[in-house]
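Have a look at the structure below before the remarks.
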Amino acid sequence: MPFAQIYMLEGRTPEQKKAVIEQVTQAPHEATDAKRETIRVWIHEMPKENWGIAGVSAEDLGR
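In numbering that gives the first Met the number 0, the protein residues as written are 0 to 62.
In structure tokens form, the structure reads like this:
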């Protein structure tokens, strides 16, 4: 049973997250011939103030 974890900044719509899950599910299905119903995808959303680039939070960078 393939597992995939996706980390992204908060702020995506439920429809966008659903699209990510659908697309990510397709890759291991094609690569390993695993049945789609056995593939698990987790999305971990990070608050913008908990993530940064070069010492500056994503929130302060406007991302």
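Backbone N, C-alpha and C define an ideal beta-carbon position, used for all residues, glycine too.
In this text the structure is predicted, and so the values were computed from the model without any measurement.
ask   = From R11 to K34, what distance separates their C-alpha atoms?
value = 27 angstroms
Classification of I52 by the beta-carbon crowding that lies within 10 angstroms, buried from 16 upward = exposed
ask   = Does the region 2-11 come close enough to the region 32-46 to have 3 or more Cβ pairs within less than 8 angstroms?
value = yes
message = Does P27 pass the burial test, meaning 16 or more other C-beta atoms within 10 Å, or should it be called exposed?
response = buried
ask   = What's the call for T24, buried or exposed, on a 16-neighbour Cβ count within 10 Å?
value = buried
task = Sort out for me which residues DSSP pairs H43 with in a bridge.
result = Y6
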